[in-house]
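>
In the numbering used here, the protein residues as written are -10 to 247.
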């Protein structure tokens, strides 16, 4: 039952990731951004994912679920062997827990980028995972910079939302806002609703900013693919937005026939 729960939860998460990736990729690869983008990009991307890529979603979520269930078993063994005095067993168990924690992080990273490549090219999971990994390795410096900058900016966004909600909740529940002085409840322990509001705002902000994170990852892979596939010639023009071409000093050459 626990394994099926992990598998279903990971499948739903994978479906959401591939849906967002398909919607963002359809915008990037559109020659005419105003005409070639589908009217309902999210629904069309979800339809493609469910119709053509259910196997890739199930396979990727299965791999992640296997790693997660092994971590659960290791935690269970650690709980059972807490009273054991064998230091070698404790050390081995600690190493295994650390290794599978790292493996889970890597599988999540690989799955995420594999789903993006599946949404772009429509190939199977294994081929997409290989292509995504090799593409990222060929641009490892760009990957490191974009990843760290994105994580920092998203952290600042979450911190700003949580901070504003926390400050407003403090002044509201403590009765220090004159506009809500009559409507605010008089509480002796107002820290409980404040903490509830802060935790709730963090969860909501995390959900919204995860969409932005998926957008950044998808457009970044599309950008790397665009640079390798196209050269700006009339036959293979860059499909990145003009503003991005100006930053990178890339130009699409005008077709002489025109």
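By construction, the Cβ of each residue, glycine as well, lies at the ideal position given by its N, Cα and C atoms.
What does a CB cutoff of less than 7 angstroms around residue 4 pick up in its chain, not counting 5 residues either side in sequence?
If we look at residue 4 and ignore the five residues flanking it on each side, its Cβ neighbours are 38 and 46.
> Just verifying my parser: in three-state terms, what is the DSSP assignment at residue 229?
The answer is coil: DSSP assigns residue 229 none of H, G, I, E or B.
> Take residue 184 as the anchor and find which of 153, 109, 208 and 21 has the nearest alpha-carbon.
For residue 184, the nearest C-alpha among the options comes from 153.
> Where residue 40 and residue 8 are concerned, what is the direct C-alpha to C-alpha distance, given to the nearest angstrom?
Cα to Cα, the separation comes out at about 12 angstroms.
> Classify residue 21: buried if its beta carbon has 16 or more other beta carbons within 10 angstroms, exposed otherwise.
That one is exposed.
> Around the Cβ of residue 249, are there at least 16 other Cβ atoms within 10 angstroms (buried) or fewer (exposed)?
Outside the shown range of the chain, which is -10 to 247, sits residue 249, and nothing can be said about it.
> Use the C-beta contact count for residue 178: other C-beta atoms within 10 angstroms, 16 or more gives buried, fewer gives exposed.
Counting Cβ neighbours within 10 Å, residue 178 comes out exposed, since fewer than 16 surround it.
> Is it the case that the Cβ atoms of residue 58 and residue -9 are separated by a distance below 8 angstroms?
Yes, they are a contact pair.
> Taking the Cβ atom as the reference point for each residue, do residue 75 and residue 210 lie within a distance shorter than 8 angstroms?
No, these two residues do not count as a Cβ contact at 8 angstroms.
> Whole angstroms are fine: how far does the CA of residue 56 sit from the CA of residue 247?
Reliability of the predicted coordinates at residue 247 is poor, the pLDDT of 43 falling under 50, and no value is obtained from them.
> Can you tell me whether residue 112 is helix, strand or coil according to DSSP?
Here residue 112 sits in coil by DSSP.
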